[in-house]
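Peer 1:
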Amino acid sequence: GFNPGLIEVYDNSHVQGLNAVGAFVVFGKNGFIKRKYRKFNISKTNINPGDDYGMLKEVLSRRFAKIKSNNEDETPDLIIIDGGKGHYNLARKVLDELGYFNLNMIAIAKGERRNQGDETFYYNNKKIKINNNVLLFFLQRLRDEAHRFAIFSHRINRKNTFAQSALDKIEGIGKRRKKLLLNHFGSVKLIENASIEDIKKIDGISDLVANKIYNFFNRNSLISKK
Numbered sequence: 110g111f112n113p114g115l116i117e118v119y120d121n122s123h124v125q126g127l128n129a130v131g132a133f134v135v136f137g138k139n140g141f142i143k144r145k146y147r148k149f150n151i152s153k154t155n156i157n158p159g160d161d162y163g164m165l166k167e168v169l170s171r172r173f174a175k176i177k178s179n180n181e182d183e184t185p186d187l188i189i190i191d192g193g194k195g196h197y198n199l200a201r202k203v204l205d206e207l208g209y210f211n212l213n214m215i216a217i218a219k220g221e222r223r224n225q226g227d228e229t230f231y232y233n234n235k236k237i238k239i240n241n242n243v244l245l246f247f248l249q250r251l252r253d254e255a256h257r258f259a260i261f262s263h264r265i266n267r268k269n270t271f272a273q274s275a276l277d278k279i280e281g282i283g284k285r286r287k288k289l290l291l292n293h294f295g296s297v298k299l300i301e302n303a304s305i306e307d308i309k310k311i312d313g314i315s316d317l318v319a320n321k322i323y324n325f326f327n328r329n330s331l332i333s334k335k
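Set out below in structure tokens:
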């Protein structure tokens, strides 16, 4: 029987290299363990946009350095990565450098046609053929879940970026005030819906700046209410 124990499945998502996010999902004996899913923000690093190898290296290094340094996260029995031989070799190198020589790993490369059933699998340093449909379907399901989660994390990341850029457009709002606002309200959406009194309550935001913020978000509604 095939009983791998704890599995972590990795995927990356970016749009033209922007807001790159690396993520992994976790599968245990009772199915997916959503509370253990994690995402890594890669856009703050020096990795070039769209550099798949760089992203993979960053995510695996961060993940396994963390497992190594604290005992809370258990080491998976198997990891699955998205990619071909090059990705497999790179991941193996990262894991070996951190001392995880015996960690099982499978790389799934999408085929030319990019459809299911056209994948190539790498395991134990060689290309393998998987003829067992149950196993094949299982691996595809794991990969699809990781992909879904990476894209979902990426969308959230993108929303936050757009949101922050709205605050950047308001004159007189620097990093410090932006932080005050976001800490107080929790999201740009809530700042947008706040009353002028709510904004004035924040320490460090003067009445003048509060008016600017309020007017910035409500200028369009002023026009439409007339």
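For the sequence shown, the working numbering gives the first residue as 110, with consecutive numbering after it. Beta carbons are placed, not taken as given, at the ideal position from N, Cα and C, and that holds for glycine.
Counting beta carbon pairs with one atom in the stretch 273 to 286 and one in the stretch 136 to 153, are three or more of them shorter than 8 angstroms?
Peer 2: no
Peer 1: Rounded to whole angstroms, what's the CA-CA distance from Phe294 to Gly220? Just pull it up for me.
Peer 2: 46 angstroms
Peer 1: Report the residue from Asn121, Pro113, Lys194 and Ile116 whose alpha carbon sits nearest the alpha carbon of His263.
Peer 2: Nearest option by C-alpha distance: Asn121.
Peer 1: Relative to the C-alpha of His256, which candidate in Asn213, Glu228 and Asp191 has its C-alpha closest?
Peer 2: Asp191
Peer 1: In whole angstroms, what separates the C-alpha of Ala174 from that of Ile305?
Peer 2: 46 angstroms
Peer 1: Count the C-beta pairs between the stretch 243 to 261 and the stretch 192 to 202 that are closer than 8 angstroms, then say yes if the count reaches three, no if not.
Peer 2: no
Peer 1: From Arg252 to Thr229, what distance separates their C-alpha atoms?
Peer 2: So the two alpha carbons sit approximately 13 angstroms from each other.
Peer 1: So, helix, strand or coil for Lys334, using DSSP?
Peer 2: Residue confidence is low: Lys334 scores 43 on pLDDT, short of 50, so the model does not pin down where it sits. Its coordinate-derived value is still stated next. Helix.
Peer 1: Kindly list the residues whose CB is nearer than 6 angstroms to the CB of Lys148, restricted to its own chain and excluding five residues on each side of it in sequence; keep chain order.
Peer 2: Val130, Ala132 and Ser262
Peer 1: Tell me, which residues are paired with Tyr231 by DSSP?
Peer 2: Ala216 and Lys236
Peer 1: Ignoring anything shorter than 4 residues or poking outside the stretch 252 to 329, list the alpha helix (DSSP H) runs there in chain order.
Peer 2: 284 to 294, 297 to 301 and 305 to 309
Peer 1: Determine whether the beta carbon atoms of Ile322 and Ile282 lie at a separation below 9 angstroms.
Peer 2: yes
Peer 1: Below 8 angstroms CB to CB, which residues in the same chain sit around Asn320 once its five sequence neighbours on both sides are set aside?
Peer 2: Ile305
Peer 1: Within the 9 angstroms Cβ cut-off, does Gly131 reach chain C?
Peer 2: This model lacks chain C altogether; it includes just one protein chain.
Peer 1: Mind pulling the alpha helix (DSSP H) runs of 4 or more residues that sit fully within the stretch 134 to 222?
Peer 2: Taking only runs of at least 4 residues, the alpha helix (DSSP H) segments lying wholly in the stretch 134 to 222 are 161 to 178 and 194 to 206.
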